[in-house]
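Everything below concerns the one structure shown next.
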Amino acid sequence: MRRGTLACVLVAWPVAAAHAAPPIPPAAADRAIAPTAVQLDRVLVTARRRPEPLHDVPQAITAISGDELESRGATDIAALDMVTPNLTIYPARAFNGSATAHIRGIGQFDPIWGAEPGVGIYIDDVHLARPQGALLDVLDVERVEVLRGPQGTLYGRNTIGGAIRLVTREPSSEFEGRIALTAGDYGRRDGRLTLNLPLVDTLRTRIALAGYDRDGYGRNLFNGAETSARDAAVARWSALWTPRDDVDVRLSWDRYRDRSGAPGGRRLAVPPPRVDPDQIPLDPGRHDVRSGAPERLDLDSEGASLAIDWTLRPQWRLRSISAWRHGDSRAVLDMDSLPRTIFTLRRDFDERQRSQEFQLHGSGADWHLVAGLHLFDGTEAGSGRTVFQPGVFYGARGSIRTRSAAVYASIVRDLAPAWQLDAGLRHTVERKTATAYNGYYADDQATVPFQLSADFTDRATFNAPTPRLALSWRASERTTLYAQASRGFKAGSYNVRAEATRFPGSVRPIDAETVNAYEAGIKAAWLDGRLDMGAALFHNDYRDIQLAVLIPVGESSSFSDYRNAGRGTTRGAEFEWQARFHPWLRWSGHLGYLHARYDEYIDGGTDVADGRHFPNAPRWTAGTSLVANVPLRSAGWLLGRIDGRYQSETRPTTDLDPRLRQGGYALWNASLAWTSPQQRWELALRVDNLADTGYRTTGFAYPNGVVIGYYGPPRTCSMTLAYSFQ
Numbered sequence: 001m002r003r004g005t006l007a008c009v010l011v012a013w014p015v016a017a018a019h020a021a022p023p024i025p026p027a028a029a030d031r032a033i034a035p036t037a038v039q040l041d042r043v044l045v046t047a048r049r050r051p052e053p054l055h056d057v058p059q060a061i062t063a064i065s066g067d068e069l070e071s072r073g074a075t076d077i078a079a080l081d082m083v084t085p086n087l088t089i090y091p092a093r094a095f096n097g098s099a100t101a102h103i104r105g106i107g108q109f110d111p112i113w114g115a116e117p118g119v120g121i122y123i124d125d126v127h128l129a130r131p132q133g134a135l136l137d138v139l140d141v142e143r144v145e146v147l148r149g150p151q152g153t154l155y156g157r158n159t160i161g162g163a164i165r166l167v168t169r170e171p172s173s174e175f176e177g178r179i180a181l182t183a184g185d186y187g188r189r190d191g192r193l194t195l196n197l198p199l200v201d202t203l204r205t206r207i208a209l210a211g212y213d214r215d216g217y218g219r220n221l222f223n224g225a226e227t228s229a230r231d232a233a234v235a236r237w238s239a240l241w242t243p244r245d246d247v248d249v250r251l252s253w254d255r256y257r258d259r260s261g262a263p264g265g266r267r268l269a270v271p272p273p274r275v276d277p278d279q280i281p282l283d284p285g286r287h288d289v290r291s292g293a294p295e296r297l298d299l300d301s302e303g304a305s306l307a308i309d310w311t312l313r314p315q316w317r318l319r320s321i322s323a324w325r326h327g328d329s330r331a332v333l334d335m336d337s338l339p340r341t342i343f344t345l346r347r348d349f350d351e352r353q354r355s356q357e358f359q360l361h362g363s364g365a366d367w368h369l370v371a372g373l374h375l376f377d378g379t380e381a382g383s384g385r386t387v388f389q390p391g392v393f394y395g396a397r398g399s400i401r402t403r404s405a406a407v408y409a410s411i412v413r414d415l416a417p418a419w420q421l422d423a424g425l426r427h428t429v430e431r432k433t434a435t436a437y438n439g440y441y442a443d444d445q446a447t448v449p450f451q452l453s454a455d456f457t458d459r460a461t462f463n464a465p466t467p468r469l470a471l472s473w474r475a476s477e478r479t480t481l482y483a484q485a486s487r488g489f490k491a492g493s494y495n496v497r498a499e500a501t502r503f504p505g506s507v508r509p510i511d512a513e514t515v516n517a518y519e520a521g522i523k524a525a526w527l528d529g530r531l532d533m534g535a536a537l538f539h540n541d542y543r544d545i546q547l548a549v550l551i552p553v554g555e556s557s558s559f560s561d562y563r564n565a566g567r568g569t570t571r572g573a574e575f576e577w578q579a580r581f582h583p584w585l586r587w588s589g590h591l592g593y594l595h596a597r598y599d600e601y602i603d604g605g606t607d608v609a610d611g612r613h614f615p616n617a618p619r620w621t622a623g624t625s626l627v628a629n630v631p632l633r634s635a636g637w638l639l640g641r642i643d644g645r646y647q648s649e650t651r652p653t654t655d656l657d658p659r660l661r662q663g664g665y666a667l668w669n670a671s672l673a674w675t676s677p678q679q680r681w682e683l684a685l686r687v688d689n690l691a692d693t694g695y696r697t698t699g700f701a702y703p704n705g706v707v708i709g710y711y712g713p714p715r716t717c718s719m720t721l722a723y724s725f726q
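Take 1 as the starting number for the sequence shown in the UniProt record's numbering and just add one per residue.
Here it is, written out as structure tokens:
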């Protein structure tokens with residue numbers, strides 16, 4: 001493992017010396033073309049299932065282009081919290097490639113099968129039902145849209161907090177490609193290739209490949225193994241066939257493979273002598289551990305989709321989206337980070353899903369309509385073994401099958417020259433079938449339990465209407481005010497960790513979550529198009545919140561119950577802006593305020609709301625970017641940027657244990673990139689986490705006294721050489 005302090009100094013020096021700064025949505029123009037216009041570029045989104053300017057959509061949306069993400073050095077959607085207010089996103093429970101996302105305090109932090117996400121993640125309008133494999137790579141994407149607030153009308157299941165939409169680039173009619181190689185400290189070696197191949201006039205294909213390899217940020221001081229190393233690969237392929245002028249057929253496939261090392265779960269406290277007789281002191285490094293178990297994290301995810309667009313007549317269009325996805329992961333985690341076998345987890349997940357959606361689009365002079373039918377059939381299965389002490393294993397295995405059907409319609413109608421009404425309704429019916437077989441075993445193969453704790457099969461049906469109503473007023477050509485009310489719904493489920501013997505209530509189905517959301521905002525473009533801004537106020541009434549709760553069992557173990565905690569309220573404000581001061585100088589940023597509280601939290605028959613905290617709900621989030629793209633006469637262009645993000649105090653779970661509290665912190669990244677006059681070559685130097693700030697993304701406090709925290713990356717430096725060809 002190489003720590004590369006000198007490399008960081010060498011990279012940081014020219015960055016600091018330049019007029020550094022970052023761009024906003026279309027960064028391709030900033031990177032490759034010397035800008036001459038002072039106005040900002042207009043951004044198109046498809047949040048309402050049709051292309052339209054961002055400023056015309058009456059809801060809070062952050063849109064960022066793929067070129068901008070590349071300019072920022074982003075590799076996956078975890079980078080979206082740098083540009084989005086009131087968003088937290090990171091690897092789920094320290095599992096690489098799995099996403100934990102919260103928008104405005106609403107989400108889900110438990111990746112176990114049966115625990116549904118609260119933020120929907122989509123790739124080309126296909127919903128990823130499980131968090132495993134949902135921390136999507138941003139390789140060859142056109143843009144990413146973050147829709148804040150419930151999206152129950154047009155997007156449906158598991159979007160109670162919001163939605164993240166990743167839109168990949170379509171095959172084009174031009175032959176083109178790009179190769180990018182990255183090297184950095186900690187032995188980083190990355191490679192990316194994109195290639196667009198038009199085969200004939202009616203058939204085009206596109207392929208994108210990426211590989212990531214890096215040494216670990218820390219070491220296991222017990223056996224010398226590295227922690228937090230990276231070994232991952234991504235492949236995407238798509239073909240666009242246009243047999244007639246009124247028909248488009250797009251076939252897409254993607255695959256993700258991850259064999260990265262387990263993250264370093266640093267001990268935040270020394271457990272009592274009954275748990276750790278040696279009383280081993282805390283380790284100095286943020287990513288160093290002393291794990292006695294051989295940790296591993298393997299993840300494979302694959303999917304394909306077929307989208308058919310058929311223009312029936314000028315005003316009407318029919319769209320069909322058929323999709324299939326499969327994923328599996330294998331993990332062994334030492335949750336105590338000690339040489340002794342005290343608390344070791346093994347989790348195996350397997351997920352399969354099929355979906356079919358039909359959409360009917362209509363439009364007229366003063367109206368737009370989208371109506372649809374969405375069908376989903378998915379099975380999430382898993383097995384887990386927990387080693388509490390040598391010779392005592394707890395095993396859980398089972399599955400949950402979900403079959404869902406939904407019909408929806410949404411219409412946008414101009415009421416007057418300056419007024420517009422947006423009304424929609426969706427009705428969802430979701431049926432779940434759960435099986436569980438849990439018990440205590442004397443061997444690690446979990447063959448025959450000496451104590452059976454749960455053995456059941458059960459079914460439950462959940463259904464709910466999710467309406468949306470929005471009214472917008474165009475106060476001027478470049479200023480729009482809006483107000484909206486909507487409802488979000490997340491179906492109930494089962495606790496696959498159920499223990500019927502000691503906790504009979506744990507086998508009962510969990511109720512559905514609902515949220516009634518209210519939002520008012522403004523979107524404006526001022527100063528002759530040189531300043532864009534958006535602001536929103538929101539209030540969410542959140543009911544029947546689903547949460548995992550740790551219940552102590554004896555002195556050294558615990559039971560993870562899954563229940564409806566009660567109800568809560570989240571409210572706040574958001575402000576986003578971007579401005580161009582000069583043809584080559586732009587500034588953007590955001591500020592988010594969030595107040596989240598439990599109004600009722602029933603635990604053991606007692607309301608403990610005052611002793612619980614919304615997880616992943618910092619009161620303040622903020623970000624800023626400054627970019628300068630300076631023409632060098634005949635020598636090309638030089639783009640410098642600096643990006644920053646601030647997050648106030650937060651906690652990864654509902655527990656108020658002060659040792660898990662992550663105080664407020666700021667992160668700063670900087671880069672300097674040169675582009676050749678022919679726009680073929682690019683050389684970029686960048687430093688991430690300039691101040692080498694130590695911060696935790698998640699952590700756990702167990703009743704036996706074990707407290708573990710998982711830290712974000714340290715300061716890293718890299719250099720990228722890219723070549724574009726046509």
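Glycine included, every Cβ here is placed at the ideal spot set by N, Cα and C.
Helix, strand or coil at residue i according to DSSP, with G and I counted as helix
| i | result |
| --- | --- |
| residue 460 | strand |
| residue 533 | strand |
| residue 289 | strand |
| residue 130 | coil |
| residue 77 | helix |
| residue 768 | In the structure as shown, the chain begins at 1 and stops at 726. Residue 768 is therefore absent and cannot be evaluated. |
| residue 613 | coil |
| residue 303 | strand |
| residue 692 | coil |
| residue 82 | helix |
| residue 635 | helix |
| residue 41 | coil |
| residue 659 | helix |
| residue 243 | strand |
| residue 722 | strand |
| residue 485 | strand |
Straight-line Cα distance separating residue j from residue i
| i | j | result |
| --- | --- | --- |
| residue 43 | residue 521 | 18 Å |
| residue 12 | residue 684 | Confidence is the limiting factor: at residue 12 the pLDDT is only 40, short of 50, which leaves the residue's position unreliable, though a coordinate-based value still follows. Roughly 12 Å between the two C-alpha positions. |
| residue 729 | residue 668 | Because the chain here runs from 1 to 726, residue 729 falls outside it and cannot be looked at. |
| residue 448 | residue 383 | 15 Å |
| residue 107 | residue 529 | 36 Å |
| residue 192 | residue 228 | 21 Å |
| residue 420 | residue 523 | 15 Å |
| residue 296 | residue 264 | 12 Å |
| residue 86 | residue 436 | 36 Å |
| residue 453 | residue 608 | 28 Å |
| residue 101 | residue 133 | 13 Å |
| residue 201 | residue 308 | 18 Å |
| residue 432 | residue 325 | 19 Å |
Option in the options with minimal Cα separation from residue i
| i | options | result |
| --- | --- | --- |
| residue 650 | 292, 671 and 658 | 658 |
| residue 417 | 474, 396, 466 and 158 | 474 |
| residue 345 | 315, 394 and 360 | 394 |
| residue 616 | 605, 354 and 696 | 696 |
| residue 661 | 427, 699 and 692 | 699 |
| residue 727 | 606, 273 and 213 | Nothing can be reported for residue 727, as the shown portion of the chain is limited to 1 through 726. |
| residue 374 | 323, 478 and 221 | 323 |
| residue 225 | 210, 407 and 261 | 261 |
Residue range of the unbroken alpha helix (DSSP H) whose run includes residue i
| i | result |
| --- | --- |
| residue 71 | 66-71 |
Residue range of the beta strand (DSSP E) that includes residue i
| i | result |
| --- | --- |
| residue 363 | 344-363 |
| residue 400 | 392-416 |
| residue 248 | 247-258 |
| residue 196 | 188-200 |
| residue 576 | 566-582 |
Exposure of residue i, with buried meaning 16 or more beta-carbon neighbours within 10 Å
| i | result |
| --- | --- |
| residue 31 | The pLDDT assigned to residue 31 is 44, lower than 50, so where the model puts this residue is not dependable; a value taken from the coordinates is nonetheless given after this. With 16 or more other Cβ atoms within 10 Å, it is buried. |
| residue 136 | buried |
| residue 637 | buried |
| residue 715 | buried |
| residue 476 | exposed |
Any non-hydrogen atom of the ligand MG closer than 7 Å to residue i Cβ
| i | result |
| --- | --- |
| residue 494 | Of the ligands one can find in the structure shown there are none, so the ligand MG has no counterpart to examine. |
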